[in-house]
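These notes are about the structure you will find just below.
Number of protein chains: 4
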Amino acid sequence: MIDEMEKVNEEKETGRLEAFSDGVFAIAITLLVLELKVPDVATAAHSPAALARALLQQWPSYVGLVTSFFTVLIMWVHHHAILRNVCRTDAWLHFANGCLLLGVTFVPYPTSILARYLQTPAAKTAAAFYAGTFVLIAICFYLFIRAAFRKPLLSARASMEFVAKTCHEYMFGPPLYLAATLAALLDVRLSLGICTALWIFWATTITKSTRA
Amino acid sequence: MIDEMEKVNEEKETGRLEAFSDGVFAIAITLLVLELKVPDVATAAHSPAALARALLQQWPSYVGLVTSFFTVLIMWVHHHAILRNVCRTDAWLHFANGCLLLGVTFVPYPTSILARYLQTPAAKTAAAFYAGTFVLIAICFYLFIRAAFRKPLLSARASMEFVAKTCHEYMFGPPLYLAATLAALLDVRLSLGICTALWIFWATTITKSTRA
Amino acid sequence: MIDEMEKVNEEKETGRLEAFSDGVFAIAITLLVLELKVPDVATAAHSPAALARALLQQWPSYVGLVTSFFTVLIMWVHHHAILRNVCRTDAWLHFANGCLLLGVTFVPYPTSILARYLQTPAAKTAAAFYAGTFVLIAICFYLFIRAAFRKPLLSARASMEFVAKTCHEYMFGPPLYLAATLAALLDVRLSLGICTALWIFWATTITKSTRA
Amino acid sequence: MIDEMEKVNEEKETGRLEAFSDGVFAIAITLLVLELKVPDVATAAHSPAALARALLQQWPSYVGLVTSFFTVLIMWVHHHAILRNVCRTDAWLHFANGCLLLGVTFVPYPTSILARYLQTPAAKTAAAFYAGTFVLIAICFYLFIRAAFRKPLLSARASMEFVAKTCHEYMFGPPLYLAATLAALLDVRLSLGICTALWIFWATTITKSTRA
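Written out as structure tokens, the structure is:
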């Protein structure tokens, strides 16, 4: 009984940090749709076919929207899984979480750069800028788990196996995204392929953790 | 007593999923107003009547705002009613919920396409694009209830009657919206009529469920 | 003890309605700042004085921001005070709450219309549009308390005095805002004066309720 | 046991105030990214190098984004720390909190003014406008703690040491930001230096409080 009560108490401290982070994730993910602009078909060409063509020509924006949406979503699921093991907050966790959230709110910007310049000769720079953003976010994620997984903050119910596995896996994030950034200078598709492969990997990782 | 405690415990796991989803729904529904642009009446015609005319001419935007607002609201009420029967989350529920939220955040875009082109010859394409979006959302909703209504995730308090009724009703969503999409190519009003009829149906469905 | 538990249980049902509404209020109130546009001072006139003049010339936008901010804030405090007396939800409360939230999300639009046309001959139309919006919102607020203050939804802790007082006061909302709307056709300052007086009245009302 | 229950009860009253404030902070912090515009490189110059140059030239916007992000984040951490000592709300706290939130939602505007005019002769006005905003916010923060730290609202668990220390420290906010505002008329870097030094000070203050 008293144990139950302590659990209720334990959760309290990270409550507002989670609520605030959830808010930032939710807003960042919803703002992505603002990147889609209503196409301006010339009045002379107001035919159904012209509008259909204009909507189809925006495919890089749709791809960008879907990619960034699942990117932010997977980051949110990871954030969620990490904080389930934490019951106290301190200034360092707030700061590390802040850096991570800055990265999350920034995602729509490189995505729209990529959508805008994917079919131009400047695509290499756009892809490098996109992958480079994730180098920074991967570093922030690593700082975040380091701040979150300290003894005094860990919940009594924390899975030490999850903690060890996460610390190990997140170490590979920054160098792999750096490779994707450098790859952009050679070939845009190679760079975006590495990014996509990594997101599938992060999604699989968390699926297994949640199942176990 | 212990039973009460377990209920409190049960709710916990879907808490952040609901908070995040509520955030996304709330933001998507509020961003709709950003589609309304302050009309630019020429300085020479700064008469009260000219501004009144300009405000009235925006009626398709107002209709679009109100329609999309209640569309997203009804989806939120359904989402709310579904998750009341669920107490645990896993990766598949997160993924299905994510697809659904992607659809929700997308709604403002086809709505503004429709508002922009409703009074032009391109209205058929705009209406097909609008109804087509709901084909995808209806599929996502079906995946979502399939993921949510699995045994291990269901709450002990889940109403099996609600679960069975919802699984049955949601099966009709995708084919009916597909009919609305095809109808748009024949007649715009027929397509929008089917969409409106369906929303009234969904609203009625949930009203009865909540009452029972 | 069991009584305490019941209270915790009671709150649960309106929890997501409140969370969703809080989200909509919070977003509507924050979107107001998007109406402020960075003034474009001509490069030739990039003097400190020219920028200061440009920033000062935006005063109607600042007044609009502050007014709408406190308008939405007072509506939120009222919403908060009303729902403290309610512990269950049903489809009608969701619907009435939805209509009210639609009104709340709409506020930024008439505010920016007013800010844009306050110093032009079209000010009368802008003020009538602004006051007219609040006629609709006052009607929605009245529907909302009628839906919320039904027996089956009221909390066991509801203050019947507050309920009766609120039902009485809210009846005056629609006719008074209608007067403000008609007054706009005679004199813009009279209309805005009635609106301001009413907001001070609503703020005072709730202050007394909260104190008591 | 009963004591534990009372704590749970105590938290309830500030719950929605915190949820609403968290929402406003989260949205204000996320809207900052909307200030970043996709650079429009001329089609003729669609080279990787031209896009890289265009992205680099936006450095004042990046600096503005990062500065404002951490500014709002530190304000949120302070808001969080203050309300942990409070368990009841009344109309004055709602009003003081409202003024503070108005200041928070306003931050993106002076930041984008500063980013836009930092490299022009009008920088002095932009810096004074930026620092001047924080004079108002510092006054709002002082009113907020005065409203929050009244006997009837304080939690039984409130740290009187934290209360006294905060009341003392926050008194210095308005005059120091006023100095930064006046300094802007002499030298832009001096003004921004004072602002930065103060944010580091506020961050350090709260770090110590949270640790203790």
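So the sequence lines, in the order shown, correspond to chains A, B, C and D. For the record, in the first sequence the residue sitting at position 96 is 101 according to the working numbering, with numbers rising by one throughout. For the record, in the second sequence the residue sitting at position 101 is 106 according to the working numbering, with numbers rising by one throughout. For the record, in the third sequence the residue sitting at position 212 is 217 according to the working numbering, with numbers rising by one throughout. For the record, in the fourth sequence the residue sitting at position 20 is 25 according to the working numbering, with numbers rising by one throughout. Yeah, the Cβ is synthetic: ideal placement off N, Cα and C, and Gly gets one too. Since the structure is predicted, the reported quantities are computational estimates derived from the model, not experimental observations.
Interface partners of HIS84 (chain B) on chain A, CB under 9 Å: Simply none; closest approach about 14 Å.
Cβ-Cβ separation, PRO179 (chain D) to VAL140 (chain D) (assumed contact under 8 Å), whole Å: 6 Å
Beta-carbon gap between LEU37 (chain B) and LEU88 (chain B) smaller than 8 Å: no
Proximal residues to HIS173 (chain A) (C-beta, below 7 Å), its chain only, five neighbours per side dropped: Close CB contacts of HIS173 (chain A) within its chain, under the 7 Å cut and outside five residues either way in sequence, are absent.
GLU40 (chain B): first and last residue of the uninterrupted alpha helix (DSSP H) it sits in: Counting along the chain, GLU40 (chain B) falls outside any alpha helix (DSSP H), and DSSP gives it neither H nor E.
Against chain C: residues of the stretch 61-85 of chain B by CB proximity under 8 Å: LEU70, VAL71, PHE74, PHE75, LEU78, TRP81, VAL82 and HIS85
Short CB-CB distance (under 8 Å) between PRO157 (chain D) and chain C: no
Residue of C:ILE34, C:ALA57 and C:THR35 minimising C-alpha distance to ASP45 (chain C): C:ALA57
Limits of the unbroken alpha helix (DSSP H) element including THR76 (chain B): 64-88
ARG121 (chain C) beta carbon near the ligand GDP (any heavy atom closer than 7 Å): Because no ligand of any kind appears in the structure shown, any question about the ligand GDP cannot be addressed here.
Coarse secondary structure for LEU123 (chain D), derived from DSSP in three states: coil
Cutoff 8 Å: SER117 (chain B) Cβ touching any chain C Cβ: no
Interface residues of chain B facing LYS129 (chain C) [CB-CB closer than 7 Å]: PRO53
Short Cβ contact (8 Å threshold) for PHE25 (chain D) with TRP204 (chain C): no
Reference ALA169 (chain C), options C:PHE74, C:THR201 and C:ASN90, closest by Cα: C:ASN90
From D:THR171, D:ASP95, D:GLN62 and D:ALA189, residue whose alpha carbon lies closest to that of PHE206 (chain D): D:THR171 is the residue among D:THR171, D:ASP95, D:GLN62 and D:ALA189 whose C-alpha sits nearest the C-alpha of PHE206 (chain D).
Reference ARG93 (chain C); option with closest CA among C:ARG194, C:ALA188, C:LEU158 and C:PRO126: C:LEU158
For LEU159 (chain C), the residue or residues it bridges with in DSSP: Answer by DSSP bridge pairing, in chain order: C:VAL91.
For PHE30 (chain D) and GLU15 (chain B), the rounded distance between their alpha carbons: Note that GLU15 (chain B) has pLDDT 46, beneath the 50 cutoff, so the model's placement of it is unreliable and no number is given.
ALA143 (chain A) versus VAL109 (chain A) - alpha carbon distance: 11 Å
Spatial neighbours of LEU195 (chain B) in its chain, beta-carbon cut-off 6 Å, leaving aside the 5 residues before and after: ALA188
Rounded C-alpha distance that separates TYR182 (chain B) from ILE199 (chain B): 8 Å
C-beta contact flag for VAL43 (chain A) and ILE118 (chain B) at 8 Å: Yes, the pair counts as a contact, with Cβ atoms nearer than the cut-off.
7 Å CB neighbourhood of LEU148 (chain D) in its chain, flanking five on each side removed: ALA101 and CYS104
Distance CB(LEU190 (chain A))-CB(LYS129 (chain A)) smaller than 8 Å: yes
Inter-residue CB distance, ARG21 (chain A) and HIS85 (chain D) (contact presumed, cutoff 8 Å): 6 Å
Within chain A, partners of LEU37 (chain D) - CB distance below 8 Å: THR110
Chain C contact for ILE32 (chain D) (CB, 8 Å cutoff): yes
Beta-carbon proximity check, PRO53 (chain A) vs PRO115 (chain B), cutoff 8 Å: In this structure, PRO53 (chain A) sits away from PRO115 (chain B), with a CB-CB distance that is not shorter than 8 Å.
Closest by C-alpha distance to LEU61 (chain D), when choosing among A:PHE134, A:ALA208 and A:HIS83: Out of A:PHE134, A:ALA208 and A:HIS83, the CA that lies nearest to the CA of LEU61 (chain D) is found in A:PHE134.
Closer than 7 Å at the beta carbon, the chain F residues around ARG21 (chain A): In the structure shown, chain F cannot be found, because the protein chains are A, B, C and D.
Chain D within 8 Å of PRO113 (chain A), Cβ atoms only: Yes, PRO113 (chain A) lies at the interface with chain D (some Cβ there is under 8 Å from its Cβ).
Contact with chain B by ILE211 (chain A), beta-carbon distance below 8 Å: Yes, because at least one Cβ of chain B sits closer than 8 Å to the Cβ of ILE211 (chain A).
Backbone CA spacing between PHE146 (chain B) and ALA136 (chain B) [nearest angstrom]: 15 Å
Where LEU98 (chain A) meets chain B, residues with beta-carbon distance less than 8 Å: By Cβ distance, chain B contributes nothing, its closest Cβ being about 17 Å from LEU98 (chain A), past 8 Å.
Interface flag, ARG121 (chain C) vs chain B, CB-CB below 8 Å: Yes, because at least one Cβ of chain B sits closer than 8 Å to the Cβ of ARG121 (chain C).
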